[in-house]
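Going by this note's numbering, the letters in the sequence shown line up with residues 1 to 263, in that order.
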Amino acid sequence: MSPRREVSAADGSRISYEVAGVGPYLLIVPALLQSAALWREMGYVDRLATDHRVIVMDPLGHGESDRPHDPAVYGVEQAVGHVIAVLENEGIERATLWGFGAGAETVVDTARRRPDVVDAVVIGGTFLGDFAEGMREIGGDLTELTDKCASALEAGDWDAYFALMQDPVPLDVRRDRADANDPAAIAAVLRSDLRRARGFLKPSVPTFAYWAEDAFIHPHNRELVERLPIEWMVVPGLVSDAPELVDAVVTRVRRFLESAVRS
Numbered sequence: 001m002s003p004r005r006e007v008s009a010a011d012g013s014r015i016s017y018e019v020a021g022v023g024p025y026l027l028i029v030p031a032l033l034q035s036a037a038l039w040r041e042m043g044y045v046d047r048l049a050t051d052h053r054v055i056v057m058d059p060l061g062h063g064e065s066d067r068p069h070d071p072a073v074y075g076v077e078q079a080v081g082h083v084i085a086v087l088e089n090e091g092i093e094r095a096t097l098w099g100f101g102a103g104a105e106t107v108v109d110t111a112r113r114r115p116d117v118v119d120a121v122v123i124g125g126t127f128l129g130d131f132a133e134g135m136r137e138i139g140g141d142l143t144e145l146t147d148k149c150a151s152a153l154e155a156g157d158w159d160a161y162f163a164l165m166q167d168p169v170p171l172d173v174r175r176d177r178a179d180a181n182d183p184a185a186i187a188a189v190l191r192s193d194l195r196r197a198r199g200f201l202k203p204s205v206p207t208f209a210y211w212a213e214d215a216f217i218h219p220h221n222r223e224l225v226e227r228l229p230i231e232w233m234v235v236p237g238l239v240s241d242a243p244e245l246v247d248a249v250v251t252r253v254r255r256f257l258e259s260a261v262r263s
């Protein structure tokens with residue numbers, strides 16, 4: 001098991017994280033409902049730690065980090081502050097940031113607000129455009145959907161929450177995520193999302209994006225990525241499959257990082 005550490009961020013939140021390996025610094029921010037332990041269990045840490053110093057955070061509301069039920073503490077500024085707190089606690093001046101889903105939004109926000117500490121960005125499973133507009137194009141309303149998801153979790157109804165997902169979630173994944181998370185904390189994360197803009201602006205550092213071929217975001221991303229100065233990869237299968245295709249994803253990310261460092 002990777003050593004478990006924690007830091008008290010500037011806003012008072014206790015952020016837990018794992019550290020492994022030796023080499024260039026790589027900080028990972030998991031998605032909504034994911035934790036550092038999950039990324040380790042999927043095999044990312046072992047593969048990446050052979051040539052990187054890997055730091056995997058438990059985002060606020062997840063894993064062994066604090067799990068407050070107040071939406072006000074889950075804003076963009078706080079999320080960026082938690083990343084910076086971990087880097088500073090480890091004495092890291094610059095690192096590559098890797099995020100998936102909501103974690104991808106956090107690393108992009110960090111790279112845009114603090115480019116002085118970011119060498120490159122890897123983002124998985126996120127919409128490369130205005131998310132609200134993308135939802136409208138397929139006949140959905142992001143605000144309404146987020147509110148319904150939060151309400152389901154506030155009632156402790158994980159089945160209702162997963163039934164609202166745009167992409168299907170296998171039953172075993174549903175059970176694992178429900179068992180590992182506090183529904184009230186996740187509802188607070190979603191309530192906070194209602195207050196933020198959900199557009200995508202590419203950071204100024206080298207950026208690599210990947211997403212699942214069967215995800216509802218695929219046609220939008222495929223169209224948008226052709227117009228962005230960005231490297232990208234489409235992973236076969238569902239959204240829930242994308243994080244688990246470890247070898248394919250790590251191989252491609254390594255190639256990107258080698259070129260990003262050389263440039």
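Beta carbons are placed, not taken as given, at the ideal position from N, Cα and C, and that holds for glycine. Quick caveat, the model's predicted, so the values are computed rather than measured.
By Cβ distance below 7 Å, which residues in the same chain neighbour residue i in space, the five residues on each side in sequence not counted?
i, result
"Y161", "C149, A152 and L153"
"S204", "P115"
"H220", "F127, G129 and G134"
"R67", "G61, D182 and A185"
If you run the structure through DSSP and keep just helix, strand and coil, what is residue i?
i, result
"R14", "strand"
"G134", "helix"
"G63", "coil"
"A4", "Looking at the sequence provided, one finds Arg at residue 4 rather than Ala. Residue state, collapsed to three classes: strand."
"E93", "coil"
"M57", "strand"
"A49", "coil"
"E213", "coil"
Count the other CB atoms, across all protein chains shown, that sit within 10 Å of the CB of residue i; report buried if there are 16 or more and exposed otherwise.
i, result
"Y109", "The sequence as given places Asp at residue 109; Tyr does not occur at that position. It counts as buried."
"T50", "exposed"
"A72", "exposed"
"S192", "buried"
"E18", "buried"
"G63", "buried"
"T96", "buried"
Quick one: residues in its chain with C-beta nearer than 6 Å to the C-beta of residue i, no 5 flanking neighbours on either side, listed in chain order?
i, result
"V54", "A20, G21, L26, V45 and L48"
"E231", "F208 and F256"
"H52", "G21, G23, P24 and L26"
"V235", "Y210, A212, A242 and L245"
"P183", "L153 and G156"
"R94", "V117 and D119"
Mind checking whether residue i and residue j have CB atoms under 8 Å apart?
i, j, result
"G125", "F100", "yes"
"A111", "A260", "no"
"A31", "A102", "yes"
"F216", "I123", "no"
"I28", "S65", "no"
"V56", "A79", "no"
CA-CA distance, residue i and residue j?
i, j, result
"I84", "E90", "10 Å"
"R254", "A155", "42 Å"
"A10", "V118", "20 Å"
"R177", "T146", "18 Å"
"D130", "T143", "13 Å"
"L224", "L128", "7 Å"
"Y74", "L60", "7 Å"
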